[in-house]
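Notes for the one structure printed next.
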Amino acid sequence: MHSSAVFLIEFGCLILGLGLLGRLAGRFRFSPIPLYLLAGLAFGKGGLLPLGASEDFVAIGAEIGVILLLLMLGLEYTAADLVSNLRTHYAAGLVDAVLNALPGAVLALLLGWGPVAAVVLAGVTWVSSSGVIAKVLGDLGRLGNRETPAILSILVLEDLSMAVYLPIVTALLAGVGLAAGAVTLAIALGVATVVLVLAVRYGRHVSRFVSSDDPEKLLLVVLGVTLVVAGLAQQLQVSAAVGAFLVGIALSGEVAEGATSLLAPLRDLFAAVFFVFFGLHTDPASIPPVLLPALALAAVTTATKIATGYWAARRAGIGSKGRWRAGGTLVARGEFSIVIAGLAVTAGIEPSLGPLATAYVLILVLLGPLTARWTEPVATRLTGRVRRRKAAAPGETAPVAPGAHESIEGQDPVGRA
């Protein structure tokens, strides 16, 4: 009875604290993810007030949080959208993967962590935060900008790539052999392909089967199906997150809209618990030793993400200012990076990987909104200075009229340059 009371008090204080942190983040208009991670550090081993009785429940809540995050992500896309993006923007996705996964893999190898940790850290540095970026685009009023489709196409391809990447990481962390790993990957690819084909051809029938006019029944059916599929996927070593993502893709139309509105509060609650859980398993004393590598990695991958966005926007015919805006917007890392690092922490492959990932995400989830806002003005000013210096040099032609280069490269809409 006493332990039950302690559990209720601990967990109640944790949820109340998360609510207050979320309100604080909303007031200052930035992502609450860093605050949730810091809360986990404060309540974990070596923190200010370690949790005891409620830690097991927090672990279960964290697993549900990952599943709901991926389900909601899948609900945002239709299978047709994914197929269209894959055909049209695959080149941008390949550039994004090479430029941003490589620094993480190289750092892990330089630190002597081995190939498995290299694959994990490559994923941590590769994937941008869809949630943070969507919020930033809305806050800055850029949802209608010409460069926004290029940004969203990269995010969609990253999310779709996780359906292949996560089973690979799961198999590597489980220590299965090459043959078993190949079977796991083949199963994941086969399931993803089947789900996409069914969603494209029979999505209406699937949605009609799940649909209900009663919100309570719709919530129970969608949540039940998602948890069952996620459990089966995990049993097959495919990753529960991938199973949840595929369920979201299979649902469309009014069912997807209704499920999104019903599940959003649950997603936010359990996602917050997930970030706290990750922080609980990170000793605050382990962060200072990896802070310098985390800062270096953040600096390198900030530059590579800006280059990725610039290249993708240029390929789409966007003007130079839009290119810089696209690059700066993609910098933020967040939920997916922590999901990937969390798999490694649970498997216990490298003690320093969790602290490094925590510090890395904390840096970039705070830096991301700043680069989204200031990359374009700073780049425009610097390139303007270079242009003026060249124009002032003897024998150079007269300076180009302001705005002339935009008309050549692809003029941005009025008011959005």
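Just so we're aligned, residue 820 is where the sequence shown starts under the working numbering, counting upward by one.
For glycine and all other residues, C-beta sits at the position ideal for the given N, C-alpha and C.
Under the three-state DSSP convention, the category residue i falls into
i     : result
T1045 : helix
P851  : coil
I834  : helix
W932  : coil
D978  : helix
S903  : helix
S1026 : helix
R1152 : coil
G994  : coil
G1138 : coil
L827  : helix
E895  : coil
L1055 : coil
D915  : helix
S1031 : coil
Where the alpha helix (DSSP H) containing residue i begins and where it ends
i     : result
I952  : S949 to D958
V946  : Here V946 belongs to no alpha helix (DSSP H), and DSSP marks it neither H nor E.
G1167 : Premise fails: G1167 is in no alpha helix (DSSP H) and is neither H nor E.
G1062 : A1059 to A1069
A1115 : P1107 to R1134
L962  : Run containing L962: none; DSSP gives neither H nor E here.
V1092 : G1072 to L1099
Alpha carbon of residue i to alpha carbon of residue j, nearest angstrom
i     : j     : result
A1151 : A993  : 29 Å
S948  : V1048 : 25 Å
V1010 : T989  : 16 Å
A1005 : A1052 : 13 Å
E1195 : P1084 : 35 Å
L929  : D1032 : 56 Å
V877  : F1094 : 10 Å
L956  : R1207 : 32 Å
G1167 : V1184 : 25 Å
L1055 : P986  : 10 Å
H1024 : S1058 : 26 Å
F849  : L1149 : 15 Å
T1190 : V1092 : 28 Å
L1110 : G1098 : 16 Å
L857  : W932  : 25 Å
G963  : R1192 : 16 Å
R1026 : S1080 : It should be noted that the sequence gives Ser, not Arg, for residue 1026. Approximately 16 Å, taken between the alpha carbons.
S823  : F1089 : 21 Å
V902  : A911  : 15 Å
T1177 : A1104 : 12 Å
V943  : L1181 : 12 Å
A1113 : L860  : 17 Å
R965  : I834  : 40 Å
A1236 : K1140 : Its pLDDT being 41, under 50, A1236 is placed unreliably in this model, and the value from its coordinates should be taken loosely. The alpha-carbon atoms of A1236 and K1140 are separated by roughly 6 Å.
A1160 : V939  : 7 Å
V914  : G831  : 45 Å
A953  : V1119 : 23 Å
L1175 : T907  : 35 Å
V975  : Y896  : 8 Å
A1223 : A1117 : Confidence is the limiting factor: at A1223 the pLDDT is only 44, short of 50, which leaves the residue's position unreliable and the question unanswerable from this model.
N904  : P968  : 10 Å
N919  : V925  : 11 Å
T1165 : L1017 : 34 Å
Residue from the options whose Cα sits closest to the Cα of residue i
i     : options                       : result
P1034 : R906, E1076 and S1071         : E1076
V983  : V1061, V1014, G912 and W932   : V1061
A1063 : V885, F830, L1037 and I834    : V885
L890  : T1101, P1103, V1044 and L1201 : V1044
V1040 : A1078, L1015, G1072 and A1007 : A1078
L1015 : L1082, L979 and R1027         : L979
V951  : V1205, A1210 and E1154        : E1154
L921  : L1201, H908, V1164 and W945   : W945
L1186 : A969, V825, L940 and P853     : P853
A1246 : G1050, L971 and Y1021         : No answer is possible for residue 1246: the residues shown for the chain start at 820 and end at 1236.
V1029 : S1071, L1065 and A1007        : S1071
G923  : L1008, A941 and A936          : A941
W1143 : P1188, T1199, G1173 and E1169 : T1199
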